[in-house]
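A short write-up of the structure that comes next.
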Amino acid sequence: MRLKKWFSSKTVIITAGIILAGYLVLILAVTNVGQSKLKESQHSELHLKVTQYVNTLSYFFNVTRENIYVLANDQTMSTFFANRSSGMSMEYGLGSSLFNLKMLIYQLTQDSQIDALPVYKRMMLVSFDKTVIVDTDPHSPINFSPIPFKKMQEKASDIIVTDDPSGLNIRILRTIYQQNKAVALLIADINTDLIAQQLSTQEHADSASRLQLNTPSGNIYVWNSIKSTLLSVPPSNSQSSTNKLYIEEPVKGTPFILMSWFEPVNEQDIFTSGWFIAAISVLAFPVVIGLYFLMRIEHSNTILQTQIEVSSKQQNKLSQHNLQLETEVKKRKNSEERLAYQATHDALTGLANRSYSHERLTQAIHYSQRDNTQILVMFIDLDNFKQINDTLGHIAGDQILKDTSTRLINSVRSTDTVARLGGDEFLLIIPELLDDESAEMLAGKILALFEKPFKVENQEFFTTTSIGMAIYPQDGRDPDSLLKSADMALYRVKDAGRNGFSFYDPAMNDALLRSLSLNSRLRQAISNNEIEMYYQPIIDLKSRKIIAAEALMRWNDNELGSVSPEEFISLAEKNGLIHQLGEFALEQACTQAAEWQSICPLQIAVNFSSVQFRYSTDLLNKIENILEKSALPAHKLDIEVTESLLVSQNSELAYVLDRLNELGIRLSIDDFGTGYSALSYLQQFPFSKLKIDRAFVNDLETNPADMSLVSAILAMAKALKLKVVAEGIEDNYQADLLEELQCDYGQGYLFSRALPADDFTRLLVKEKVKNSA
Numbered sequence: 000m001r002l003k004k005w006f007s008s009k010t011v012i013i014t015a016g017i018i019l020a021g022y023l024v025l026i027l028a029v030t031n032v033g034q035s036k037l038k039e040s041q042h043s044e045l046h047l048k049v050t051q052y053v054n055t056l057s058y059f060f061n062v063t064r065e066n067i068y069v070l071a072n073d074q075t076m077s078t079f080f081a082n083r084s085s086g087m088s089m090e091y092g093l094g095s096s097l098f099n100l101k102m103l104i105y106q107l108t109q110d111s112q113i114d115a116l117p118v119y120k121r122m123m124l125v126s127f128d129k130t131v132i133v134d135t136d137p138h139s140p141i142n143f144s145p146i147p148f149k150k151m152q153e154k155a156s157d158i159i160v161t162d163d164p165s166g167l168n169i170r171i172l173r174t175i176y177q178q179n180k181a182v183a184l185l186i187a188d189i190n191t192d193l194i195a196q197q198l199s200t201q202e203h204a205d206s207a208s209r210l211q212l213n214t215p216s217g218n219i220y221v222w223n224s225i226k227s228t229l230l231s232v233p234p235s236n237s238q239s240s241t242n243k244l245y246i247e248e249p250v251k252g253t254p255f256i257l258m259s260w261f262e263p264v265n266e267q268d269i270f271t272s273g274w275f276i277a278a279i280s281v282l283a284f285p286v287v288i289g290l291y292f293l294m295r296i297e298h299s300n301t302i303l304q305t306q307i308e309v310s311s312k313q314q315n316k317l318s319q320h321n322l323q324l325e326t327e328v329k330k331r332k333n334s335e336e337r338l339a340y341q342a343t344h345d346a347l348t349g350l351a352n353r354s355y356s357h358e359r360l361t362q363a364i365h366y367s368q369r370d371n372t373q374i375l376v377m378f379i380d381l382d383n384f385k386q387i388n389d390t391l392g393h394i395a396g397d398q399i400l401k402d403t404s405t406r407l408i409n410s411v412r413s414t415d416t417v418a419r420l421g422g423d424e425f426l427l428i429i430p431e432l433l434d435d436e437s438a439e440m441l442a443g444k445i446l447a448l449f450e451k452p453f454k455v456e457n458q459e460f461f462t463t464t465s466i467g468m469a470i471y472p473q474d475g476r477d478p479d480s481l482l483k484s485a486d487m488a489l490y491r492v493k494d495a496g497r498n499g500f501s502f503y504d505p506a507m508n509d510a511l512l513r514s515l516s517l518n519s520r521l522r523q524a525i526s527n528n529e530i531e532m533y534y535q536p537i538i539d540l541k542s543r544k545i546i547a548a549e550a551l552m553r554w555n556d557n558e559l560g561s562v563s564p565e566e567f568i569s570l571a572e573k574n575g576l577i578h579q580l581g582e583f584a585l586e587q588a589c590t591q592a593a594e595w596q597s598i599c600p601l602q603i604a605v606n607f608s609s610v611q612f613r614y615s616t617d618l619l620n621k622i623e624n625i626l627e628k629s630a631l632p633a634h635k636l637d638i639e640v641t642e643s644l645l646v647s648q649n650s651e652l653a654y655v656l657d658r659l660n661e662l663g664i665r666l667s668i669d670d671f672g673t674g675y676s677a678l679s680y681l682q683q684f685p686f687s688k689l690k691i692d693r694a695f696v697n698d699l700e701t702n703p704a705d706m707s708l709v710s711a712i713l714a715m716a717k718a719l720k721l722k723v724v725a726e727g728i729e730d731n732y733q734a735d736l737l738e739e740l741q742c743d744y745g746q747g748y749l750f751s752r753a754l755p756a757d758d759f760t761r762l763l764v765k766e767k768v769k770n771s772a
């Protein structure tokens with residue numbers, strides 16, 4: 000009876016309610032667990048997506064900075080700043096280096112594209128005095144105020160963000176160094192539209208997300224498909240007060256932070272705690288309520304399953320994104336390996352480049368110190384390669400460089416290093432050298448390599464080479480000293496006529512130091528007007544009166560003492576300063592001669608270098624301007640040139656000489672008989688005077704050959720109606736003999752040494768008084 004009573008309808012209803020309540024609690028717990036897992040899955044997916052975006056940005060900036068690094072260390076960049084630091088002007092070579100540099104920067108700007116969008120909006124090369132050297136967008140305004148020029152003189156590279164009128168601008172800065180000194184700043188403006196495109200490729204309008212790049216100067220908007228408004232200030236945790244998921248990740252290697260917001264998975268209010276339990280307890284129809292709640296739970300389960308399916312699809316997409324990320328990582332590794340190879344090898348020949356050869360030499364010295372062995376360092380330079388390159392073109396020149404690399408590699412051991420330092424300069428590092436004789440044999444072997452012709456487009460070309468050698472440890476105990484010693488030995492070979500080899504000799508260092516000091520001091524002397532003009536009289540041998548003066552340059556340096564004209568003029572012809580020296584000498588001589596006309600109507604003779612005639616038209620304009628400025632009559636100017644000028648005669652030179660003759664300027668051949676003397680020069684060009692070199696005058700009394708040669712020159716000049724000046728007359732015998740041979744004029748210590756302008760003026764006044772007495 001009790002058992003039957005216990006199974007009353009009330010008990011059944013209560014029991015069914017308890018069972019339903021327990022079942023509901025179980026379903027609620029399962030549902031909560033499912034939603035928690037779903038949220039965790041969404042969080043993981045979104046974190047992975049943001050991480051992928053950050054890695055994409057980090058890779059983009061790393062590759063971009065690497066490209067800027069390669070550009071900053073390109074040989075064209077080094078050549079331009081080396082030429083500029085040496086004082087080369089735009090007219091004499093710097094313009095060509097600047098043109099090549101502009102082409103290099105413009106080419107990089109145009110070629111750097113991703114998905115048809117340019118990587119760089121603008122690229123500039125700016126000196127630290129804020130002088131723009133190269134600008135790919137010269138028409139746009141420039142605001143240098145936010146760019147830390149002073150800071151970048153002590154820092155190799157940086158990424159900054161500036162607030163320009165057009166918006167935030169990301170800039171990559173790279174300092175350019177020349178001989179370890181910061182000389183310029185390379186500024187690359189990044190295309191922010193490309194960054195937005197790279198980050199938003201995986202987003203779509205229904206993704207309910209927002210992305211922006213936080214920078215020290217503000218935020219760069221990337222993407223927003225969230226309809227509701229986000230807080231302007233990011234929350235402190237991963238979920239904002241606006242019920243949006245917030246994730247931020249720093250971009251490695253940059254000052255940027257990627258900020259992102261996402262809509263969370265829509266939650267169903269499945270169960271509201273004790274209210275439903277209380278309802279189950281008080282309601283009289285627990286079965287109906289239970290069925291109702293069962294339907295609600297089923298409905299919630301259906302939604303949950305739908306969300307799980309959506310999450311599964313998202314997981315599949317995430318897997319695909321991970322595969323794409325792995326592919327990008329492989330590409331990045333390949334790119335890094337390629338960049339590492341390019342950083343250590345020459346692009347044209349595949350040989351070790353300058354920096355890598357320096358590392359190999361350092362390593363060889365380390366092993367040599369350990370094993371007590373010697374190292375041979377050889378500088379190899381192709382003779383007259385520039386002429387071949389200019390004549391045949393760069394393609395043929397590149398082919399010769401490749402063939403030279405192959406010949407050098409085949410001539411040495413596999414343990415030796417063959418490097419290309421740039422241009423036509425090569426370097427060999429030979430460890431474990433046996434003795435000097437082995438070095439000589441190897442040098443002779445390399446010289447023999449170039450006896451074979453180079454074949455380019457079915458044509459054969461020959462070139463020789465010059466080799467400078469230094470040996471570790473006696474010629475240097477570190478890479479820089481060894482390379483410097485080998486370079487000086489190479490310079491000695493070139494100075495001796497090329498096509499040979501030479502070991503380093505410590506005396507070379509003194510010669511090089513004097514040459515470098517001369518070069519530097521000569522530039523200062525020109526700038527400080529330390530070059531003086533002296534004047535030596537030219538005498539009429541019959542009347543023994545002064546009829547002309549030759550203008551001669553003198554340089555007495557505070558440190559070097561008196562420097563001979565042969566030395567500093569030869570140097571000026573090599574470094575391009577001869578044009579400034581020549582213009583200075585002509586202007587000083589013409590101005591002084593114009594003042595002397597009131598004392599004595601003499602001519603002034605000015606020596607011209609053949610190098611000055613390389614720009615004949617400009618030289619002609621300068622001569623005309625100086626004559627006009629000084630008011631010296633044109634027929635009072637006598638231009639003296641050497642015979643070497645006439646060897647490479649061309650139509651432009653002939654025009655200039657004819658034009659000078661038309662103006663009334665006299666033309667003379669200096670040092671006649673010592674160079675390439677030919678009657679054709681005298682017939683072809685309008686010369687009026689010859690100068691017999693002092694070498695033929697010195698031994699007139701003792702050397703019959705010189706006597707015969709001078710007589711022949713005088714007879715020839717008389718037949719061609721040319722006046723003759725004999726240089727180097729030191730005694731009366733020479734003067735009387737030359738007068739007897741009908742030589743017109745004389746010049747030498749017998750009459751007077753070269754004098755400063757004031758002393759020469761007194762000499763003219765003295766002679767005028769003497770003649771009038």
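With the first letter of the sequence shown counted as 1, position 506 gets the number 505 in numbering that gives the first Met the number 0; the numbers rise by one all the way through. Idealized CB from N, CA, C, for every residue including glycine.
Minimum Cα-Cα distance from Ala187 among the listed residues Phe79, Leu70, Arg369 corresponds to Leu70. Straight-line spacing of the CA atoms in Lys635 and Tyr105 works out to 53 Å. For Ser501, the enclosing beta strand (DSSP E) has its first and last residue at 499-502. The alpha-carbon of Phe80 is positioned some 10 Å away from that of Gln178. Under DSSP, no beta-bridge partner is assigned to Lys621.
DSSP links His344 through a beta bridge to Ala351. Taking the Cα of Val133 as reference, the smallest distance to any Cα among Glu700, Asn142, Arg121, Ser561 is reached at Arg121. Per DSSP, the beta-bridge partners of Phe671 are Ile691. The beta carbons of Ile219 and Thr191 sit closer together than 7 Å. Counted as a single uninterrupted DSSP element, the beta strand (DSSP E) harbouring Ile219 occupies residues 217-223. Annotated as proximal: Glu248 and Val49, with beta-carbon spacing under 7 Å.
In this structure, the straight-line span from the alpha carbon of Thr416 to that of Ser480 is close to 18 Å. Taking the Cα of Pro478 as reference, the smallest distance to any Cα among Gln362, Ser85, Pro137 is reached at Gln362. For Ser206, there is no enclosing beta strand (DSSP E), since its DSSP letter is neither H nor E.
Three or more beta-carbon pairs separated by less than 8 Å link the segment 452-461 to the segment 379-396, which places the two stretches in contact. For the 7 Å CB-CB criterion, Val696 and Gln733 form a contact. In the DSSP annotation of this structure, the continuous segment of the beta strand (DSSP E) that includes Ile537 starts and ends at 530-539.
Met715: member of the alpha helix (DSSP H) spanning 703-718, first to last residue.
The three-state reading of DSSP puts Ile146 in coil, since its state is none of H, G, I, E or B.
Distance check between Ser561 and each of Glu529, Leu699, Leu47, Ile577 places Glu529 closest, using alpha-carbon atoms only.
In the DSSP annotation of this structure, the continuous segment of the alpha helix (DSSP H) that includes Arg491 starts and ends at 478-494. When only Cα atoms are considered, Pro564 and Asn371 end up about 48 Å apart. Residues Phe127 of the same chain have their beta carbon placed closer than 6 Å to that of Phe148, with the five preceding and five following residues left out of the count. Residue pairing by DSSP places Glu450 opposite no residue, since no beta bridge is assigned to it.
Taking the Cα of Lys316 as reference, the smallest distance to any Cα among Ala418, Glu202, Leu210, Lys332 is reached at Glu202.
The way I'd put it, the segment 613-629 does touch the segment 578-598; three or more beta-carbon pairs between them come closer than 8 Å. For Met258, the secondary structure class from DSSP, reduced to helix, strand or coil, is strand. Proximity to Arg83 across Lys769, Met715, Thr701, Gly575 peaks at Gly575, based on C-alpha coordinates. Between the alpha carbons of Leu350 and Thr403 lies a distance of about 11 Å. Non-local C-beta neighbours of Met258 in its own chain, meaning closer than 7 Å and more than five positions away in sequence, comprise Gln211, Asn213, Pro233, Glu247, ordered along the chain. Asn557 and Arg522 have their alpha carbons spaced roughly 14 Å apart.
Tyr744 and Lys722 do touch by the CB rule: their CB atoms are close to 7 Å apart, below 8 Å. Going by beta carbons, Ser608 and Glu651 fall outside the 7 Å limit. Remark: C-beta atoms of Leu719 and Leu681 approach each other more closely than 7 Å. Here the alpha carbon of Ser410 sits roughly 15 Å from the alpha carbon of Leu375. Nearest Cα to Met552 within the set Arg543, Ile545, Ile546, Ala571: Ala571.
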